[in-house]
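Counting in this note's numbering, the sequence shown runs from 2 upward without gaps. Where is the CB? At the ideal position from N, CA and C, for every residue including glycine. Note that the structure is a prediction, hence the values are computed from the model and not measured.
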Amino acid sequence: MAPETPGADLSAPLPRTAAPICPSAALAELGRHRFRVRYRGDPREAILVRFRGVAYGYLNQCVHMPKELDCEHCHVFDAAGESIRCSMHGITYAPTTGECLSEICAGESLTRLRVQERDGTLYLTEKRTTLLD
Ligand code: FES
2 MAPETPGADL
12 SAPLPRTAAP
22 ICPSAALAEL
32 GRHRFRVRYR
42 GDPREAILVR
52 FRGVAYGYLN
62 QCVHMPKELD
72 CEHCHVFDAA
82 GESIRCSMHG
92 ITYAPTTGEC
102 LSEICAGESL
112 TRLRVQERDG
122 TLYLTEKRTT
132 LLD
């Protein structure tokens, strides 16, 4: 059995329920792309980020306070391009896992959404989660 891939899985078959989020070209390296989902029955803001060529999906909510990661700026990476950095108070996260890197929220993580990238398109493949307009 293949190990679980945290980012956009390039090899796994695309699930029948996969929903196209955006063209791959809409998500630049260290960029972000916002989208909306119904997650556990509630409409939520979500975000794609691209780090070292791989796309990752998360609910767009900081663990520190219920703020969107890009609420103050249109970018979500720190100046070094190594961490996701909440624009409100600067808590940082590992781009590949969503794990909080700042001491104040140690042990917490962003909520990851499974995504896949295939043939120039990024798809939402998270179970029991639907794409909203
Ligand atoms: S709300 Fe994100 S760091 Fe405070």
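{"Query": "Among all the DSSP beta bridges, which residues are the ones paired with C106?", "Result": "The partner list for C106 (beta bridge, DSSP) is empty, contrary to what the question assumes."}
{"Query": "Could you check whether the segment 16-23 touches the segment 65-78, counting it as contact only if at least three pairs of C-beta atoms, one from each stretch, sit closer than 8 Å?", "Result": "no"}
{"Query": "Along the chain, which unbroken stretches of the beta strand (DSSP E) at least 3 residues long are found entirely within the segment 69-124?", "Result": "116-119"}
{"Query": "Between which two residues does the beta strand (DSSP E) carrying R33 extend?", "Result": "33-40"}
{"Query": "Can you tell me whether A29 is helix, strand or coil according to DSSP?", "Result": "coil"}
{"Query": "Taking all protein chains shown into account, do 16 or more other C-beta atoms lie within 10 angstroms of the C-beta of G91, making it buried, or fewer, making it exposed?", "Result": "exposed"}
{"Query": "Name the DSSP bridge partner or partners of T131?", "Result": "R39"}
{"Query": "What whole-angstrom Cβ distance do Y57 and V50 have, given they're in contact under 8 Å?", "Result": "5 Å"}
{"Query": "Can you tell me whether P24 is buried or exposed, with buried defined as 16 or more other CB within 10 angstroms of its CB?", "Result": "exposed"}
{"Query": "Which residues count as close to ligand 1 when the rule is a CB under 5 Å from any of its heavy atoms, in chain order?", "Result": "C63, H65, M66, K68, C87, M89, H90, I92"}
{"Query": "How would you label A1, buried or exposed, when you count the other beta carbons within 10 angstroms and need 16 or more for buried?", "Result": "The chain is shown from 2 up to 134; residue 1 falls before or after that span and cannot be answered."}
{"Query": "Taking all protein chains shown into account, decide if K128 is buried (16 or more other Cβ within 10 angstroms of its Cβ) or exposed.", "Result": "exposed"}
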